[in-house]
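Working notes, beginning with the structure itself.
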Amino acid sequence: MADIKVAAYICKGCGLGERLDTDALVKIAQKDGKVPLAKSHDFLCNADGVAMIRNDIASEGVTHIMIGACSRRAKTEAFYFPENAVARANLREGVIWIRPDTEEARETTQDMAEDYIRMGCAEVKAMTAPGGNTNTGTSKTLLVVGGGVTGMTTAIEASKTGYPVVLVEKTGELGGWAGKLYKRTPVHEPFKSPADTGVADLVSQVQADSNIKVYLNATVARTDGAPGRFVVDIATESGATHTEDIGAIVQATGFTLYDMNKLPELGGGKSPNVIDQAGLEALAKAAAAGDGVIRRPSDNQPVKSVVFVQCAGQRDPSGTHLSYCSGYCCNASIKQAMYFKDANPDVDTTIIYTDLRTPGNGEDFYRSAQEKGVIFTKGRVAEVVPNGNTSTVKFHDLILDDPDAAEADVDLVVLATGQVANSGINIDALTKPQVEGQEGEPAAAGTVEVKPISILNLTYRQGPDVPQLKQGFTDSHFICFPYETRRTGIYTAGPVRRPMDIAQAREDATGAALKAIQALENAELGRAAHPRSGDLSFPKVRLEGCTQCKRCTVECPFGAIDEDEKRFPVFNESRCRRCGTCMGACPVRVISFENYSVNTVGAQIKAVDIPDEFSEKPRILILACENDAYPALDMAGMSRNEYSAFVRIIPIRCLGSVNTIWITDALNAGYDGVMMMGCKSGDEYQCHFVKGSELGRVRLSKIDDTLKTLNLEKERVRDLEVAITDIERVPDMINKYAAELVAVGPSPFKGF
Amino acid sequence: MSANTALAEKYRNNFLKEIEEQVEMGDWVKMCMQCGVCSGSCPTNFQSAWEHPPQELFMMIRAGKREEVLTTTSMWNCTSCYNCIVRCPRKLPITHIMHGIAEYAHRIGKAPKMQATRFFSGLFWKNATRTGRVNELKLSMGLYFKDGLGAGIKEGMKMKDVALGLMKAKRLNPFELFGGHKCKDQKGIQAMLKKAYEIERSRKAAKMAG
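For the record, the sequence lines run as chains A and B. Sequential numbering of the first sequence, starting at 30, is according to the working numbering. Sequential numbering of the second sequence, starting at 3, is according to the working numbering.
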């Protein structure tokens, strides 16, 4: 950092000039911020103001810019100086908009603004302009794993956009599960009858596309590298291995039906006349090839009565079977009942359901089935008793509250068993200690669990497949980034991500294709993918100081960091999402980003002026997640929701990036309290970096020890969940905490 | 063989089909999606006044509970407020179906004999068609004595003050008990009714046979 020149600019627009003493702020920047060049401007974000800054960069050699104006989330296009390090002091949303415009409040409001100027100046000096990752690859080829509807749609959509595709399918033909269907639920007006699956059309589109290279009877044997430069080995049936250079990957490995043999009480596996939905599709296909009459498997007699059992092994609260609803099976059973009714209205078709869920335009389809005479019975099936060529379905009728209801002499029983994701190896289970076996717990008798086979065979330190949710579907940020996995450049689409039908899978496929293309383009330019899309900073490590503790490699939520033979971390920048979890984890603080580091935040914490304990001006540090909490605070300002003037807010990339040294520093410096604002963690997390807030909280849970050594009350540190919608709640939380701290009393560390 | 056994024989296990073919608007029953809005909207269904609310009746029909449906008093409680029809998301004409089932149960002799609504309907019809004019005194007396002499006197004594008030206001003429007023063309009315019965009888007979 040889010759840096810092300039500070204070805006007077948007009422800043009237509410604040901007001349004093300029002086603060010069005196406390030690900035050689400090100016104020009436309207900094207009052409004239921006031209002033540009002129200073060109003629005065300014390298580092501190802008005291609006929030860093506002006017990002006007204040865009990619060659320079830029810090923003949030005087508008963070100060004047959250403070009352009264004479009494004037002094504390000015104090607040002055501190933000000091913090901004300190921060910018600790930064350098990010230069972008240079360890990039240029492959533009998309790998699609799985040749079902999702995979084929992904391939076609990517090819249409001009990107070459390699499609790997493990069986001998394209089509997947949908290829085995007789017909599909309708997606066009008038939604009354089953429609053609459209699979043949997709297959011919894929085969006709010279941009799509298809490997049949093939699997992914090895995936190495990072977005833009994946090297993928594809193993084919003949034993030959083909190596492809890949930019990004879409995993569309679909689902398997829940095994009905696990449902003996529903007759699964006990009679050929009890089948799952796949079994009925096969019967319907066979019938269509013959005389159109669906026959029962046991004696080949035409089916005269059929019962569909919904939620078979699904939505099970006991934990034995699937806990979730697969979402598609109600429509599928309605469709299958129509196979019978459309061919012969005299066939008795009964659907026994607890809640009929027909997403999409399924309500019309449902009504059409009622018109065709399909009987819908609300009940919970207790038992299916096969007896010769027929079965008796015993159920609890939930409308009539009749626990002994039954359908007797049923020719065919169809179980709607639901989707289980083909998501490969559960890598979290791999790392869990295997204590059950040691305690001598007997293995479940008679069941042979098929060990899942890895799909991607990643060479990553954290395991060969993408992480899963507890239900086995691949993990993704469900609300904001549905297709993203926790492996950058690898996307999942279709039923491997969550249960879904063909229409949803096709939508998913299109979305994932476009996301994958974005990822490989960003990777080539050395930029981050979502959620810090376009970010040029990346983690740098000072290996001399590394103690090989492996916390960064273990904690990285995205598996971006591998280890070399000496157990030093190897950063794969293209896989990194720039959350800073590694930086927060590092006990020796050798990991940093050019514009975000232990220093940039630490310098801000130290720059705040701490009044003595008799001034009755406490200081509260807020470390606010930039994805949810900080926007919520900004929006609180936009709605003029006032909060305490004693808080000093520092945006952080993620709760996971919080290094505990910041909290220790703050408490040592005499802050009265520290508020941590992060996203919801746990199974229903909202963290944009998936595990960041959880890991951050685990780290913070140990802060009590630190407080004890400092002889401080545990109220001094508060961990809070804040969502982006907490615009009303967040000021309230701040004010309550400020009042609580008054009761605790001032920090004993003031004035040292 | 009674009408009931003949029809039960004809449809055997398929009560839904029987309702669809025999009951006015009965073909709507299959379209019910069991949301329960009708039962929740019914103003007479408080305090379990209905043994089986409409949604449940529809389910019972699909489940083939013929005897229970036809002998229940439930649909006789309907006062035709039309709340259910207005609210039904599937647009079922529930009020009409209720009356349809009641009428069918009555037609084949399964309706509960002493159910008040049914009893009153019969009473009203007899009363009105005898002279062409409704004799209100006889009608209300008939209803009071539905459950026997003692109960009738008790009920009458309870209503005594109302009756005296009505008499004072010249709204009730005690001499109506003896004969009462009539419409002018007695013979014409009877001929009209005879023809109407004839038409209805042949239509329903055809339906039941068909």
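For glycine and all other residues, C-beta sits at the position ideal for the given N, C-alpha and C. Nothing here was measured: the structure is a model prediction, and the numbers come from that model.
Using a Cβ distance threshold of 9 Å, V719(A) and F587(A) count as a contacting pair. N418(A) is the residue among G319(A), E750(A), V235(A), N418(A) whose C-alpha sits nearest the C-alpha of K299(A). The beta carbon of K170(B) lies closer than 8 Å to none in the same chain, with the five residues before and after it left out. Residue-level contact check: R92(B) touches chain A, since one or more beta carbons of chain A fall below 9 Å from its beta carbon. By the neighbour-count criterion, in which 16 or more other beta carbons inside 10 Å mark a residue as buried, G190(B) falls on the exposed side.
In the three-state scheme derived from DSSP, where H, G and I count as helix and E and B as strand, P660(A) is classed as helix. Residue environment analysis places L441(A) among the buried positions, since at least 16 neighbouring C-beta atoms fall within 10 angstroms of its C-beta. Contact annotation, Y287(A) with H217(A): C-beta distance approximately 30 Å; criterion of less than 8 Å not satisfied.
Restricting attention to N85(B), R92(B), P91(B), E105(B), the CA atom closest to the CA of T73(B) is found in E105(B). For D377(A), the three-state secondary structure derived from DSSP is strand. Taking the C-beta atoms as reference points, A557(A) is found no nearer than 9 Å to D657(A). For E294(A), there is no enclosing beta strand (DSSP E), as DSSP marks it with neither H nor E. Contact fails between the segment 314 to 333 of chain A and the segment 420 to 432 of chain A, because fewer than three Cβ pairs, one in each stretch, are under 8 Å apart. Beyond the five residues adjoining it in sequence on each side, A250(A) comes within less than 7 Å, by CB distance, of D262, I263, A264, T270, N486 in the same chain, given in chain order.
Residue contact with chain B for G402(A): present (Cβ-Cβ distance below 9 Å to some residue of chain B). A direct Cα-Cα distance of roughly 52 Å separates R758(A) from K209(A).
The way I'd put it, the segment 700 to 716 of chain A does touch the segment 743 to 750 of chain A; three or more beta-carbon pairs between them come closer than 8 Å. The C-beta of E58(B) comes closer than 9 Å to at least one C-beta of chain A. Per DSSP, M61(B) is not a residue of any beta strand (DSSP E); the alpha helix (DSSP H) it occupies stretches across 56 to 64.
The beta carbon of I404(A) is closer than 6 Å to those of T379 in its chain, skipping five residues each way along the sequence.
A residue is called buried when at least 16 other Cβ atoms come within 10 angstroms of its Cβ; C708(A) meets this threshold and is buried. As DSSP reads the structure, D253(A) sits in a beta bridge with V260(A). Per DSSP, the unbroken beta strand (DSSP E) holding G97(A) starts and ends at 93 to 98. Annotated as distal: I679(A) and T735(A), with beta-carbon spacing of 9 Å or more. Annotated three-state conformation of I146(A) is helix, per DSSP. For Q36(B), at least one C-beta of chain A is nearer than 9 Å to its own C-beta. Any Cβ of chain B closer than 9 Å to the Cβ of R396(A) would place that residue at the interface, and such an atom is present.
The C-alpha of R618(A) is placed about 12 Å away from the C-alpha of T610(A). With fewer than three CB-CB distances shorter than 8 Å, the segment 593 to 607 of chain A does not count as touching the segment 630 to 638 of chain A.
The bridge partners DSSP lists for K423(A) are E412(A), A435(A).
Segment contact: the segment 23 to 42 of chain B against the segment 57 to 72 of chain B, three or more CB-CB distances shorter than 8 Å; contact assigned.
By the criterion of a C-beta distance shorter than 6 Å, A307(A) is surrounded in its chain by L286, once the five residues flanking it on both sides are discounted.
Within the same chain, and ignoring the five residues on either side of K140(B) in sequence, the residues whose Cβ sits closer than 8 Å to its Cβ are N129, E178, L179, G182. For the segment 12 to 38 of chain B, the residues whose beta carbon sits under 7 Å from a beta carbon of chain A are, in order, K32, M33, Q36.
In the structure shown, L729(A) adopts helical secondary structure according to DSSP, grouped into three states. Across the structure, D253(A) and F259(A) are spaced so that their CA atoms are roughly 6 Å apart.
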